[in-house]
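Going down the list, the sequences are from chains D and Y.
Residue numbers for the first sequence follow the numbering used here, beginning at 885 and rising by one.
Residue numbers for the second sequence follow the numbering used here, beginning at 219 and rising by one.
Virtual Cβ for every residue (Gly too), placed ideally from N, Cα, C.
Computed from a prediction, not measured in an experiment: that's the story for all the values here.
Here is the structure we will look at, set down as structure tokens.
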Amino acid sequence: DSGVTQTPKHLITATGQRVTLRCSPRSGDLSVYWYQQSLDQGLQFLIQYYNGEERAKGNILERFSAQQFPDLHSELNLSSLELGDSALYFCASRRDRKNSPLHFGNGTRLTVT
Amino acid sequence: AQRVTQPEKLLSVFKGAPVELKCNYSYSGSPELFWYVQYSRQRLQLLLRHISRESIKGFTADLNKGETSFHLKKPFAQEEDSAMYYCALRAGSQGNLIFGKGTKLSVKP
Chain D
885 DSGVTQTPKH LITATGQRVT LRCSPRSGDL SVYWYQQSLD QGLQFLIQYY
935 NGEERAKGNI LERFSAQQFP DLHSELNLSS LELGDSALYF CASRRDRKNS
985 PLHFGNGTRL TVT
Chain Y
219 AQRVTQPEKL LSVFKGAPVE LKCNYSYSGS PELFWYVQYS RQRLQLLLRH
269 ISRESIKGFT ADLNKGETSF HLKKPFAQEE DSAMYYCALR AGSQGNLIFG
319 KGTKLSVKP
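Here it is in structure tokens:
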């Protein structure tokens with residue numbers, strides 16, 4: 885158990901819909917990262933938050949957005965869903981120290997039909 | 219640009235055989251490198267990081283700055299080692315990791 889909690893485990897929805905994925909980081913970790921894992925693209929970094937502020941952006945579509953709340957949990961919002969958004973979405977957290985690794989949650993498996 | 223290359227998509231070996239999973243990186247500064255393992259599309263678990271120079275589950279990895287490599291090795295593969303292995307690079311002050319495409323290790327009995 886990494887200590888990073890993600891809900892829900894699975895999500896099945898239709899094209900055009902909007903979903904929210906939730907992540908609680910490990911106790912004491914201020915940074916949260918979101919990654920998308922698809923079969924053809926591998927692991928793609930989406931976005932990072934640190935103590936409520938957006939810190940870095942990766943390959944995140946405009947239809948996607950995220951935020952980190954004062955209690956440090958984070959939500960990833962995916963809207964106008966397309967079939968190609970079907971993937972595993974991972975959240976990770978880390979201590980802000982040099983050489984500290986990312987600790988990943990169990991992921992949310994999103995299926996868009 | 220920072221990049222991680224894992225040249226083998228699939229590596230198949232027999233139980234007891236040595237294993238080497240290749241990882242090359244592209245980064246001009248001082249890198250932080252990690253190996254993660256993923257069993258059956260579950261969460262990614264940290265296996266090794268270059269700074270610790272430890273052996274986990276019999277795996278070791280050495281950073282070779284001259285060859286910009288961080289290959290993962292195990293002298294005797296076990297069936298339970300079958301999984302996806304990802305090499306990852308942290309470049310600069312940003313905290314996010316850049317992942318390679320992964321290598322699927324299959325250990326046959």
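So, is residue i buried or exposed, given that buried needs 16 or more other C-beta atoms within 10 angstroms?
{"i": "D/Ser915", "result": "buried"}
{"i": "Y/Phe232", "result": "exposed"}
{"i": "D/Gly887", "result": "exposed"}
{"i": "Y/Arg261", "result": "buried"}
{"i": "Y/Ala219", "result": "exposed"}
{"i": "Y/Asn282", "result": "exposed"}
{"i": "Y/Leu228", "result": "exposed"}
{"i": "Y/Gly234", "result": "exposed"}
Checking the sheet assignment: what are the DSSP bridge partners for residue i?
{"i": "D/Gln951", "result": "D/Glu959"}
{"i": "Y/Cys305", "result": "Y/Trp253"}
{"i": "D/Leu905", "result": "D/Leu960"}
{"i": "Y/Glu238", "result": "Y/Lys291"}
Looking only at its own chain, which residues have a Cβ that is under 6 Å from the Cβ of residue i, when we skip the five neighbours before and after it?
{"i": "D/Thr995", "result": "Ile896, Ser970"}
{"i": "D/Leu905", "result": "Leu960, Tyr973, Thr992"}
{"i": "Y/Leu239", "result": "Leu290, Tyr303, Thr321"}
{"i": "D/Thr891", "result": "Arg906"}
{"i": "D/His957", "result": "Ser908"}
Return yes when the Cβ of residue j is within less than 9 Å of the Cβ of residue i, no when it is not.
{"i": "D/Arg979", "j": "D/Gly912", "result": "yes"}
{"i": "Y/Ala295", "j": "Y/Gln256", "result": "no"}
{"i": "Y/Gln312", "j": "D/Gln932", "result": "yes"}
Please determine whether the Cβ atom of residue i lies at a distance below 8 Å from any heavy atom of the ligand FMN.
{"i": "D/Leu945", "result": "In terms of ligand content, the structure shown is empty, and the ligand FMN therefore cannot be addressed."}
Could you tell me how far apart the beta carbons of residue i and residue j are, in whole angstroms, since I believe they sit closer than 8 Å?
{"i": "D/Phe948", "j": "D/Leu930", "result": "7 Å"}
{"i": "D/Lys893", "j": "D/Thr992", "result": "7 Å"}
{"i": "Y/Val237", "j": "Y/Lys291", "result": "7 Å"}
{"i": "D/Leu967", "j": "D/Gly900", "result": "Rounded, the Cβ-Cβ distance is 11 Å, inconsistent with contact."}
{"i": "Y/Tyr245", "j": "Y/Ala309", "result": "5 Å"}
Taking 7 Å as the limit between beta carbons, can you name the residues of its chain near residue i, skipping five residues before and five after?
{"i": "D/Gln921", "result": "Leu927, Ala971, Leu972, Phe974"}
{"i": "Y/Phe317", "result": "Val222, Tyr304, Ala306"}
Under 8 Å Cβ to Cβ from residue i, same chain only, skipping five residues before and after it: list those, please.
{"i": "Y/Tyr243", "result": "Gln220, Arg221, Val222, Thr223, Pro249, Leu251, Thr286, Ser287, Phe288, Cys305, Leu307"}
{"i": "D/Leu986", "result": "Tyr917, Ala976, Ser977, Arg978"}
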